[in-house]
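Visitor: My structure is below; once you've seen it, I'll send some questions.
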Amino acid sequence: MKKSNVLFAFALLAISFQGIAQDVKDADDFPEKKNHFYVSIELLKTIPWVMIDNAYIIEPQLEFRTKGLVLAFQYGMNDIKNTIYDKMEYRNEGIYYKIGAGVDFSYYKNNDDRNNLILGGNLIFSSYKETGIVRFDKPYFGDAILTQENESRGIELYFNYRRVFENNFFISAKPRMAFMMTKYNEPFFPVYYAAGFGVVNILENNTNNLNLTIGASVKVGYRF
Amino acid sequence: MLKKLNIFSSIAILIAMMIYASGCDFCDGTSQEPLIEIIYQGGGAISSVYAVKAGESLPPITGASGSNFNIPIDVNETSVTYNFETTQGNKSMQIYYDPITNLESFECGFRFAIDNLRIGSTTFNSASITGGGDFSVDYQITIQ
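If you're matching them up, the sequences are chains A and B in order. In terms of our numbering, the first sequence opens at residue 1 and continues consecutively. In terms of our numbering, the second sequence opens at residue 1001 and continues consecutively.
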């Protein structure tokens, strides 16, 4: 999986260089930039999770660019089954909303509007339920079912590079950093995955976890 | 001399790896329901014990007979009713408690216990609680 990610990143980089090379034209050649809607869906998380235990993370996003301002709305939903805890069957069902704005710096340059560089931020509203089943050795009453629910709020800072092709399809790479501003409700075990924030117990600590997460997403979409 | 040193160092590494691999002392790959000890001081003996869950009787608890034995606790509930078949007739006892779950480590998993054990309604002449504390069979209920 890691190898394919690396190859994918190189391919993206190559496409980007090709795009930049094509953009070196005279300023007079470029038409005035228009407002656009951008609809996209995440690739990196969606495909691997679907292949593992029928779990999924789906994150469609809608953006609107007017002048240099980018308004973004993202909805996400997940159902993850995981073996992170050796002795517990873990499941995480959640949804989240991200709403925010950014600045498209490439808008102010003379180009053909096919390479966008956006710096922005989002508010994150997230709700998720974690269920853990612990199997007992010869139980009398049955196995232990541990359930904990969370409502989390936070902020996110991101940088987005988007390459738009001739047919208006695009691919984008988005490194991001999120900070959770609310406390975890975790009476039984540390929260492992927070919808919209990502894995918050990457160090596999059995007493507490992180409020800061970093990650990246690769999206494909269409520009209207 | 060098050969002996090699053997000693190999044994030391092996022991260190075994200690590391064992992780925690209870980590044998299984989790257990918490237990409480029953001490019966009434006349005769108890022949069997079974619990009632959601209005239905569960099968008799294995090994729960005589005058001293352990009974399991339901960690998904905060109350359980047990029925006791004794030589002097059928008795019942309801208990209340707070389940405790502790994640020892990602590898070892969870340990379960109870706290704040209380006696609810009972048809025994008396029931008293002693003990309580950590993750072992250290709550006793003495019934008469």
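Heads up, the beta-carbon is just placed ideally off N, CA and C, and yes, glycines get one too. In this text the structure is predicted, and so the values were computed from the model without any measurement.
Taking CB distances under 8 Å as the criterion, tell me whether residue 1106 of chain B reaches chain A.
Guide: As a first step, residue 1106 of chain B is located in the second sequence; it is residue number 106 there, counting from the start. So, interface residue.
Visitor: What residues from the segment 1098-1129 of chain B come within 8 Å of chain A, judged by C-beta to C-beta, listed N to C?
Guide: Within the segment 1098-1129 of chain B, the qualifying residues are 1101, 1103, 1104, 1105, 1106, 1107, 1108, 1109, 1110, 1112.
Visitor: Put residue 106 of chain A into one of helix, strand or coil per three-state DSSP.
Guide: Along the first sequence, read from residue 1 onward, the residue named residue 106 of chain A stands at position 106. The answer is helix: DSSP assigns residue 106 of chain A an H, G or I state.
Visitor: Can you find a C-beta in chain B that's less than 8 Å from the C-beta of residue 209 of chain A?
Guide: Here residue 209 of chain A is taken as the residue at index 209 of the first sequence, counted from 1. Chain B contact via Cβ: absent.
Visitor: Using the Cα positions of residue 1131 of chain B and residue 1077 of chain B, report the straight-line distance between them to the nearest angstrom.
Guide: Residue mapping note: residue 1131 of chain B aligns to position 131 of the second sequence, counting from 1. Residue mapping note: residue 1077 of chain B aligns to position 77 of the second sequence, counting from 1. Answer to the nearest angstrom: the Cα atoms are 21 Å apart.
Visitor: Any beta-carbon of chain A closer than 8 Å to the one on residue 1020 of chain B?
Guide: Against the second sequence, residue 1020 of chain B aligns to sequence position 20. With a pLDDT of 47 at residue 1020 of chain B, under the threshold of 50, the modelled position of this residue cannot be trusted; read the value that follows with caution. It does not: the Cβ of residue 1020 of chain B has no partner Cβ on chain A nearer than 8 Å.
Visitor: Taking three-plus beta-carbon pairs below 8 Å as touching, is the segment 153-170 of chain A in contact with the segment 184-191 of chain A?
Guide: The segment 153-170 of chain A is not in contact with the segment 184-191 of chain A.
Visitor: Listing by chain order, which chain D residues have their CB less than 7 Å from the CB of residue 1033 of chain B?
Guide: Absent from the structure is chain D; the protein chains it does hold are A and B.
Visitor: So what does DSSP say about residue 1138 of chain B, is it helix, strand or coil?
Guide: On the second sequence, position 138 is the one that residue 1138 of chain B refers to. Reduced to three states, the DSSP call for residue 1138 of chain B is coil.
Visitor: Taking Cβ positions only, does residue 144 of chain A come closer than 8 Å to chain B?
Guide: Within the first sequence, the letter at position 144 stands for residue 144 of chain A. Yes, its Cβ sits closer than 8 Å to a Cβ of chain B.
Visitor: Thinking C-beta only, is residue 122 of chain A closer than 8 Å to residue 100 of chain A?
Guide: Here the question's residue 100 of chain A lines up with position 100 in the first sequence. Here the question's residue 122 of chain A lines up with position 122 in the first sequence. Against a cut-off of 8 Å, the Cβ pair of residue 122 of chain A and residue 100 of chain A comes out as a contact.
Visitor: Comparing alpha-carbon positions, which option in A/201, A/168, A/105 lies nearest residue 276 of chain A?
Guide: It is not possible to answer for residue 276 of chain A, since the shown part of chain A is limited to 1 through 224.
Visitor: Note the first and the last residue of the continuous beta strand (DSSP E) segment covering residue 1094 of chain B.
Guide: Taking the second sequence and counting its residues from 1, one reaches residue 1094 of chain B at position 94. Element bounds for residue 1094 of chain B: 1089-1105.
Visitor: Which value, in whole angstroms, describes the spacing of the CA atoms of residue 1115 of chain B and residue 1039 of chain B?
Guide: Position 115 of the second sequence, counted from the start, is the residue given in the question as residue 1115 of chain B. Position 39 of the second sequence, counted from the start, is the residue given in the question as residue 1039 of chain B. The alpha-carbon atoms of residue 1115 of chain B and residue 1039 of chain B are separated by roughly 19 Å.
Visitor: So residue 62 of chain A and residue 39 of chain A are supposed to be a Cβ contact under 8 Å. How far apart are they, rounded?
Guide: Numbered from 1 along the first sequence, position 62 holds the residue referred to as residue 62 of chain A. Numbered from 1 along the first sequence, position 39 holds the residue referred to as residue 39 of chain A. With a Cβ gap of about 6 Å, residue 62 of chain A and residue 39 of chain A count as contacting.
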